[in-house]
Every structure is written in structure tokens, then in C-alpha cells.
Amino acid sequence: LYANADLFRERFSRREGELRSMGLSLTREQLAARLTLHLSAAPQEILPDVWTTGEITSRPEPEGRSARHLVREGDEFVPDPYRDDMALVLKTNNRLVLLCGCCHAGLLNTLAHVQRAFEHPIVVIAGGLHLTSADADYLRHVGDMLAETESVQRVYPNHCTGEAAFIALTLTLGPSIVRPCPAGTELDLEVCL
């Protein structure tokens, strides 16, 4: 398992005043007994040319946070900083494919981190972009920033991106770049690489 050590923090979700545990059901020790743990805040190569992003520490842009997601700090519950949020990066032909899980660190923060860490152009972005609660101004900003990233040839938004974000990105970047990506979609990345 490749992850940030923060993966093992106790996590909770608060809905209608009720606190519910939503962290891992296994302890660090139980997981370590079943598989090899590779815990690091730095990018890690999983397979040849397949990397984790590592921890996305610089976050000047808005993050994909949920006010309901909490962690325990002492006797208090505080907003989850999502230190363990990371994505996968595929390197091929000196180009990058970014595969996002939920992008809680924020899409633009994740993109900037990947560009700094891997120094190759990002040509494909796929996965959850966590823009469901973003307002129209921020969606416009994200679209404009992606449009300025000339290397991006395809964006495949998924689950937590949200319909409004899908529409806004399509209007800004065009339907030849932004493509639907419901669960189960198989991507042929050859067209972009």
C-alpha cells in the first residue's frame, strides 16, 4: 500500500449533529500484517513510470474540502486537512497523465504540485476533481487556468466533480477536451500521448 502516514488518523463525518467514524477499519498494525506499507509524504514510484504525487503541501488555491469531514486532535474535532490526499501520475513519452481520486487538496494545487515535482507537461487529467460545491466564479477560474495550461489535451471529470463543474469546464475548454467519464469508463490514452 502506497500512502501518506496521515492515512491512519481517526476520521469522522458530522451530519445533522451526529458524528460517525469514517476512517480505516483496520489499524496500521493489522494492515502491515497483510501487506507491505510504503508510507511517505514524497512522491513514490509504484511501477516503472507510475508514481504517487506525494503530499500536496502548497495550497494557495481553494481546496476540495467538506465541512463535514473531521479529524480528532486531542479532545477536539477539527476540519480534516487531507494531508493524505494524493493522486497518481503516469509518465510516458515525456508527458504526464494525472489520475485523481477526489482532489481534496484542490485541483489547481494538485496540478501545480505535479508540474513542480515531475517537470513534464500534463496532457490528461482524469478522475474526481471535487468541484461539487464550487461557485460559478471559481469554476470559471479553474476553466481559465486549465485553458492556460496548453499541454492539457483531455479532461475526464468523474464522480465528485459535479455536473455544474462538468458543464462549466466544457463551456470553457470545449467538448473535444472535456469528455464524460462515468464509473466504468475505459480510457484509451494513446490518442493523447
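Position one of the sequence shown corresponds to residue 1 (this note's numbering), numbered consecutively onward.
We treat Cβ as the ideally placed atom computed from N, Cα and C, and that holds for glycine.
Quick caveat, the model's predicted, so the values are computed rather than measured.
Within 10 angstroms of its Cβ, does residue i collect 16 or more other Cβ (buried), or is it exposed?
| i | result |
| --- | --- |
| Glu-194 | This structure does not reach residue 194, given that the chain is present from 1 up to 193, and the question cannot be answered. |
| Leu-139 | buried |
| His-38 | exposed |
| Glu-190 | exposed |
| Ile-46 | exposed |
| Ala-168 | buried |
| Gly-143 | buried |
| Asp-85 | buried |
| Gly-184 | exposed |
| Gly-106 | buried |
| Leu-35 | exposed |
If you follow the alpha helix (DSSP H) that residue i is part of, which residue opens it and which one closes it?
| i | result |
| --- | --- |
| Glu-163 | 163-173 |
| Glu-148 | 136-148 |
| Arg-34 | 28-34 |
Excluding the five sequence neighbours on either side, which residues of its own chain have a C-beta within less than 6 angstroms of the C-beta of residue i, listed in chain order?
| i | result |
| --- | --- |
| Arg-72 | Glu-10 |
| Phe-8 | Arg-28 |
| Ala-117 | Pro-43 |
| Leu-131 | Thr-161, Gly-162 and Ala-165 |
| Arg-20 | Ser-13 |
| Leu-1 | Leu-35 and Leu-37 |
Could you name the residues of the same chain whose beta carbon sits closer than 7 angstroms to that of residue i, not counting the 5 residues immediately before and after it, in chain order?
| i | result |
| --- | --- |
| His-120 | Lys-91, Asn-94, Arg-95 and Leu-96 |
| Ala-41 | Asn-4, Gly-54 and Glu-55 |
Within the same chain, show all residues whose beta-carbon is closer than 8 angstroms to that of residue i, passing over the 5 residues directly before and after it, in chain order.
| i | result |
| --- | --- |
| Arg-179 | Arg-154, Val-155 and Tyr-156 |
| Pro-48 | none |
| Ala-87 | Thr-52, Thr-53, Leu-98, Leu-99, Cys-100, Gly-101, Cys-103, Thr-110, Val-114 and Gly-127 |
| Arg-68 | Ser-13, Arg-14 and Arg-15 |
| Pro-182 | Asn-158 |
| Glu-148 | none |
| Leu-70 | Arg-11, Phe-12, Ser-13, Arg-14, Leu-19, Phe-77, Val-78, Pro-79 and Asp-80 |
Ends of the beta strand (DSSP E) at residue i?
| i | result |
| --- | --- |
| Arg-194 | For residue 194 there is no data in the structure shown, the boundaries of the chain being 1 and 193. |
| Ser-13 | 11-15 |
| Ile-125 | 122-128 |
| Pro-157 | 154-158 |
| Ser-21 | 18-21 |
Check whether the segment 19-39 touches the segment 100-110, counting contact only when three or more Cβ pairs, one atom from each stretch, lie closer than 8 angstroms.
-> no
Flag this pair as touching only if the segment 146-162 and the segment 74-91 have three or more C-beta atom pairs under 8 angstroms; answer yes or no.
-> no
In chain order, which continuous runs of the beta strand (DSSP E) of length 3 or greater are located wholly inside the segment 30-100?
-> 45-47, 50-52, 69-73, 76-79, 88-92 and 95-100
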